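**Student:** Numbering (this note's numbering), first residue to last: 653 to 1067.
Okay, handing you the structure first.
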């Protein structure tokens, strides 16, 4: 209620402080701060206010709304000659995290390339800011800008040791540039982002932009180091959450065959679940569920409401030696994956870190990961945690999963 009494700097400091503490106060306070900030950003001449607000909303994973983002973008365009490299980097980072492409700002950056921005693009005093800018522009599909290439060239000339996180930013930026340059991105991308429509005439969703006239930065020793840092994270960041296990148990009850922690052929990405084609099954009496055996090629674990008999198994077949029907489902040959429109099918169990806290929009890094997986011929089915949490029984979870997998050729067909 007292937000209206805050000065512009006070509003900025409150949001920035909460983000620095990683403390999400709830949507009411942040929406109020965004509404108040719009009033002064329309006439502000303080770039740090734009920068800190965008960084804070990105850090808090809070969607401040279409109107706010358009006002911020307009303020950034107006003050662009006065932005420091770090202020511009933090502003771009906020847009990239929220998955919103500031088309007018990017156009202004290109227009001013021959003026003060050309100096800023190569005059980085903070290596982290330069790496962040390279990463954010790649996430935003703006790596076709000469500004991005100049900053990239500056990054690759750094002296001294880069932190591993900075190396991973550089490598992901290169991967995104490579996938777009090699024309892996198709018109099917828009279907992945249903519900993330553009939110203004100037500021666009990053999925809607198409790139032309790209040139791929050359591979060199730095990129090899960055790749090694990326691979170390990929190979060590393998963890099956309770959410993941619950999804596996549901797939098992449905007789879906799958493998856990499936890697792309180049080994750069690990996906939660890879799906295999359906083979065969058998009729059950109405109202009966399939009883699963305990033989398994992979370890799945047991959920709170599922006993060991629902762990994944190796194939689907009736048990001829028992009066009860049992089905074996789960892992097949690693090269045998279900396909959809020519792409192999995977499931990702997406927790809170993949969506904005208030509007549940898919975040920019998750969208970028989807681009890179599609470039490697994978079709990803997302299981959002907020949808899963609303399912109150095994039956509801099975029906939900059947809807998600409809038409993908991975559910059992009866004999």
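No residue lacks a Cβ here, since even glycine has one placed at the ideal position from N, Cα and C.
All values derive from a computational prediction rather than experimental measurement.
1. What are the start and end residues of the alpha helix (DSSP H) that includes residue 711?
2. Residue 930 by DSSP, collapsed to three states: which one?
3. Decide if residue 659 is buried, meaning its Cβ has at least 16 other Cβ atoms within 10 Å, or exposed.
4. Let me confirm a value: residue 859 is counted as buried when at least 16 other C-beta atoms fall within 10 Å, else exposed. Which label applies?
5. Any idea what DSSP makes of residue 822, helix, strand or coil?
6. Whole angstroms is fine: what's the gap from residue 989's alpha carbon to residue 709's?
7. Kindly indicate the opening and closing residues of the beta strand (DSSP E) around residue 1000.
8. Is the Cβ-Cβ distance between residue 744 and residue 1016 less than 8 Å?
9. DSSP has residue 745 in a bridge; who is on the other side?
10. Taking only the alpha-carbon atoms, compute the straight-line gap between residue 695 and residue 899 and give it to the nearest angstrom.
11. Between the alpha carbons of residue 927 and residue 701, how many angstroms are there, rounded?
12. Distance check for residue 778 and residue 661, CA to CA, integer angstroms please.
13. Whole angstroms are fine: how far does the CA of residue 1010 sit from the CA of residue 664?
14. Here's a check: name, in chain order, each residue in its chain whose Cβ is nearer than 6 Å to the Cβ of residue 788, leaving out the five neighbours to either side.
15. Could you give the distance in angstroms between the alpha-carbon of residue 764 and the alpha-carbon of residue 792?
16. Is it the case that the Cβ atoms of residue 671 and residue 711 are separated by a distance below 8 Å?
17. Taking one C-beta from the stretch 878-885 and one from the stretch 1031-1043 each time, how about it: are there three or more such pairs within less than 8 Å?
18. Residue ranges of each beta strand (DSSP E) run of no fewer than 3 residues wholly in the stretch 865-923, ordered along the chain?
19. With a threshold of 7 Å on Cβ separation, who are the neighbours of residue 877 within its own chain once the five nearest residues in sequence on each side are excluded?
20. Please state whether DSSP places residue 992 in a helix, a strand or coil.
21. Enumerate in chain order the residues of its own chain whose CB-to-CB distance from residue 784 is below 6 Å, with the five nearest sequence positions on each side excluded.
22. What residue range does the alpha helix (DSSP H) around residue 754 cover?
23. Figure out for me which residue from 698, 692, 706 has the closest Cα to the Cα of residue 667.
24. Assign residue 824 to buried or exposed, taking buried as 16 or more other Cβ atoms, counted over all protein chains shown, within 10 Å of its Cβ.
25. Should residue 1006 be labelled buried (16 or more other beta-carbon atoms within 10 Å of its own) or exposed?
26. Name the DSSP beta bridge partners of residue 641, please?
27. Where does residue 676 sit, in a helix, a strand or coil, going by DSSP?
28. Going by DSSP, what residue range makes up the alpha helix (DSSP H) through residue 811?
29. Residue 764 lies in the alpha helix (DSSP H); which residues open and close that run?
30. Can residue 890 and residue 922 be called in contact, C-beta distance under 8 Å?
31. At what residues does the alpha helix (DSSP H) containing residue 1058 begin and finish?
32. What would DSSP say about residue 692, mapped onto helix, strand or coil?
33. Find the nearest neighbour of residue 1028 within the set 729, 991, 930, 1060, judged by alpha-carbon distance.
**Tutor:** According to the structure data:
1. Run containing residue 711: 699-711, per the alpha helix (DSSP H) assignment.
2. coil
3. Around the Cβ of residue 659, a 10 Å sphere holds fewer than 16 other Cβ atoms; the residue is exposed.
4. Note that residue 859 scores a pLDDT of 49, beneath 50, so its modelled location is shaky and nothing firm can be said.
5. Residue 822: helix per DSSP, three-state reduction.
6. One C-alpha to the other measures close to 39 Å.
7. Here the beta strand (DSSP E) through residue 1000 covers 995-1002.
8. Against a cut-off of 8 Å, the Cβ pair of residue 1016 and residue 744 comes out as no contact.
9. DSSP lists no partner for residue 745.
10. 50 Å
11. 47 Å
12. 24 Å
13. 19 Å
14. 744, 745, 748
15. 19 Å
16. yes
17. no
18. 910-915
19. 819
20. strand
21. 741, 745
22. Here residue 754 belongs to no alpha helix (DSSP H); instead the beta strand (DSSP E) covers 752-754.
23. If we check each option's Cα against that of residue 667, 706 comes out closest.
24. buried
25. That one is buried.
26. In the structure as shown, the chain starts at 653 and stops at 1067, and residue 641 therefore has no counterpart that could be examined.
27. coil
28. Neither: residue 811 is in no alpha helix (DSSP H) and is coded neither H nor E.
29. No alpha helix (DSSP H) contains residue 764, which DSSP labels as neither H nor E.
30. yes
31. Membership of residue 1058 in any alpha helix (DSSP H) is not indicated, and neither H nor E is assigned to it by DSSP.
32. DSSP places residue 692 in the helix class (H, G or I) of the three-state scheme.
33. 991
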